[in-house]
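Structure record follows, encoded as structure tokens.
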Amino acid sequence: MSQAKYGPIDQIGYLVDDLDASIQRWITLMGVGPWTVFRNVRLDGRYRGHAGVVTMDVGLAYQGNVQVELIKITNETPSPYRDAAGKPILGIHHLAWVVDNLEAAVARAKGDGFKVAFEASNPATRVAYMEADQEPGVLFEFIEGEGMREMINAGIVAARNWDSSSPFHIIDLSAGDRL
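Its first residue numbered -14, the sequence shown is counted upward by one per residue in this note's numbering.
In structure tokens form, the structure reads like this:
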């Protein structure tokens, strides 16, 4: 029986400086794919108490039952994706869990000693990034969104059946594409 308080980790997030090149490396070096790429993602939120809009491009693929998320920040808004000097952070960024009730997950994490660093939303999802003083350098994210678990399960199946053809599916949110 697992002792994980929040269940199995659903996602490992990485921040990258070139999304397309990073996806190609993941395909070539590790055989991970296919990728769903979301262009022009917008998150309206609060980072350390300050309101702001963060924009990004995101690539999602699966390794086993874990979603790999690659994030390329596309604006300069202060956010958990930038260091204190405003420079983009690169590398492993967060571990995440999909939850049915974001408020309950955040309350439980606060009870466990976590602090909220960033809360944000868009029409498809709501997220909260939490931090723990005992684990500097990594954030812990809770994600709530209708159909999120189904999307992950479909991605896991697609990855298991992937024959290396059609490595990308691009959804451009600025063009009116829907999630």
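We treat Cβ as the ideally placed atom computed from N, Cα and C, and that holds for glycine.
Since the model is a prediction, treat every value here as computed from it, not as a measurement.
Whose CA, out of the options, lies closest to the CA of residue i?
i	options	result
Ile156	Ile137, Glu135, Val22	Val22
Ile(-3)	Trp82, Ile8, Pro63	Trp82
Glu54	Glu135, Asn60, Val1	Val1
Met41	Asp5, His154, Asp29, Lys57	Lys57
Ala143	Asp3, Glu131, Pro19, Val101	Pro19
Leu87	Ala6, Gly16, Ile128, Arg24	Ile128
What residue range does the beta strand (DSSP E) around residue i cover?
i	result
Asp29	20 to 32
Thr40	35 to 48
Gln52	51 to 58
Ile(-3)	-4 to 0
I need the boundaries of the alpha helix (DSSP H) containing residue i, first residue and last residue.
i	result
Ala6	4 to 15
Classify residue i: buried if its beta carbon has 16 or more other beta carbons within 10 angstroms, exposed otherwise.
i	result
Gln(-12)	exposed
Pro121	exposed
Gln52	buried
Is it true that the stretch 82 to 102 meets the stretch 36 to 50, where meeting means three or more beta-carbon pairs spaced less than 8 Å apart?
no
At 3 residues or longer, what runs of the beta strand (DSSP E) sit wholly inside the stretch 78 to 164?
100 to 106, 111 to 116, 124 to 129, 153 to 157
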